[in-house]
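Numbering (this note's numbering), first residue to last: -5 to 416.
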């Protein structure tokens, strides 16, 4: 498939099949289309397409990615005009705490001005994915490490390193900690729940860390609700403000693409029967509504999981750790848990990408386009979360101290100790 044809198909999808089409048109695609030629490199083509998609202003849920991913782990923080390495594989030649001052000879400020169209959002806290791309593609980087200026060359990692994505431990004899970095590895999450079942019932205080949760399937966090809801109470007993309806855009193309994805999930042996039942229900709705365009779904929380009630053997208080790296289903979890009287969210606002979700993917040779098929009606009353995220109950602004210690976790532990001391 020619580059020009790939881009034209992407334009067609964003114009007809993306749920953003009601509100966001993006920049004039002709401005980018006129620059495409078949002789341009793959990197040049990718840069151009991604710059066009960036004009929609939606992190992650409107995106193009390469099938051959750089397996290196790199997490950055752009803070007060300075670019820091939050975490990285050591083989990349970058270390946690490094301050990146120049990329390919350009200061961070000048580099941003040169590539401004590539950045999805103007909010610097939400630009970490874009900066990560440029650092990985750079020829040389100047960093400040231990107060010395060092010139390094970023080194891709050939093999993906095994990382801790799920963790559980007792911090003190009445404080239990769980870390969940995604909601899509169903087998690992099920195992985590089994291992933590006794602790979840006996801990007085529970800390759930979803600061780096990449999202996944909403149903995989449902088992935690019984510990968070008041004893004997369900969702219909909660005082919920601003629970907005959603609409899904049904088109023949969207139906076709999502059915492909659902079939793959159903054929995956790691998918539980409960999840398969949900997927089969979604499939029926896709086929029934294929030609209907936008279909509204009332968000009647009183009917959500009607049989689910809070249990007596559960933590007295639950704390959620959140951050801007938490997105999609991860931040939906934060938003729902925030409704619970005994839950306190601590940290920083989440990524803010739930306005447009239920994504579909389309493959083009070496590329994958991701676009949303649903739209929150919170947008219509000016209460969307794009560029805002889910706001924590207690906000702890990020500072350089976060590079050397877990300020957020320490805050919660001190809060618990103060409460116990009263």
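Heads up, the beta-carbon is just placed ideally off N, CA and C, and yes, glycines get one too.
Rounded to whole angstroms, residue 272 and residue 216 show a C-alpha spacing of 13 Å. One thing to note: residue 235 has its Cβ no nearer than 9 Å to the Cβ of residue 325. The C-beta of residue 102 has 16 or more other C-beta atoms within 10 Å across all chains shown, which makes the residue buried. Contact between residue 387 and residue 339 holds: their C-beta atoms lie close to 5 Å from each other, under 8 Å. Shown here, residue 34 sits in coil according to DSSP, grouped into three states, outside any helix or strand. Between residue 171 and residue 310, the beta carbon gap of about 15 Å keeps them out of contact (Cβ cut-off 8 Å). Distance from the Cα of residue 66 is smallest, within the candidate group 314, 184 and 157, for 157. In this structure the stretch 105 to 117 lies against the stretch 42 to 53, because at least three pairs of beta carbons, one per stretch, are closer than 8 Å.
One thing to note: residue 17 has its Cβ within 9 Å of the Cβ of residue 373.
A direct Cα-Cα distance of roughly 18 Å separates residue 63 from residue 81. Residue 328 sits in a helix when the DSSP states are folded into three classes. Annotation: the continuous beta strand (DSSP E) that includes residue 244 extends over 240 to 244. Non-local beta-carbon contacts of residue 268 in its own chain, meaning distances under 8 Å to residues more than five positions away in sequence, involve 213 in chain order. Per DSSP, residue 190 is one residue of the alpha helix (DSSP H) stretching across 180 to 196. Of the candidates 406, 182 and 25, 406 places its Cα closest to the Cα of residue 390.
The alpha carbon of residue 248 has as its nearest neighbour, out of 336, 226 and 365, the alpha carbon of 365. Secondary structure remark: continuous alpha helix (DSSP H) runs of at least 4 residues inside the stretch 249 to 331, in chain order: 267 to 282 and 323 to 331. Judged by DSSP secondary structure, residue 369 falls within the beta strand (DSSP E) whose first and last residues are 361 to 370. For residue 93, the three-state secondary structure derived from DSSP is strand. The continuous beta strand (DSSP E) containing residue 164 extends over residues 160 to 166. Judged by DSSP in its simplified three-state form, residue 9 adopts helix. At least 9 Å separates the beta-carbon of residue 342 from that of residue 180. Collapsing the DSSP output to three states places residue 352 in a strand.
Scanning 95, 382, 58 and 53 for the CA closest to the CA of residue 142 turns up 95. Relative to residue 332, the option among 27, 229, 350 and 375 whose CA is nearest is 229.
Annotation for residue 336: no alpha helix (DSSP H) segment contains it, and DSSP assigns it neither H nor E.
Counting only the Cα atoms, residue 33 lies some 42 Å from residue 205. When the Cα atoms are used, residue 259 and residue 355 turn out to be separated by approximately 14 Å. Going by beta carbons, residue 126 and residue 44 fall outside the 9 Å limit. Going by DSSP, residue 123 is part of no beta strand (DSSP E) but of the alpha helix (DSSP H) stretching over 122 to 131.
A residue is called buried when at least 16 other Cβ atoms come within 10 angstroms of its Cβ; residue 9 does not meet this threshold and is exposed. Counted as a single uninterrupted DSSP element, the beta strand (DSSP E) harbouring residue 171 occupies residues 169 to 174. In the assembly as shown, residue 188 is an exposed residue. Its beta-carbon has fewer than 16 other beta-carbons within 10 Å. For residue 4, same chain residues with a beta-carbon under 7 Å away, outside a window of 5 residues either side, are 43 and 363 in chain order. CA-CA distance, residue 225 to residue 83, rounds to 44 Å. As a beta-bridge residue in DSSP terms, residue 210 pairs with 177.
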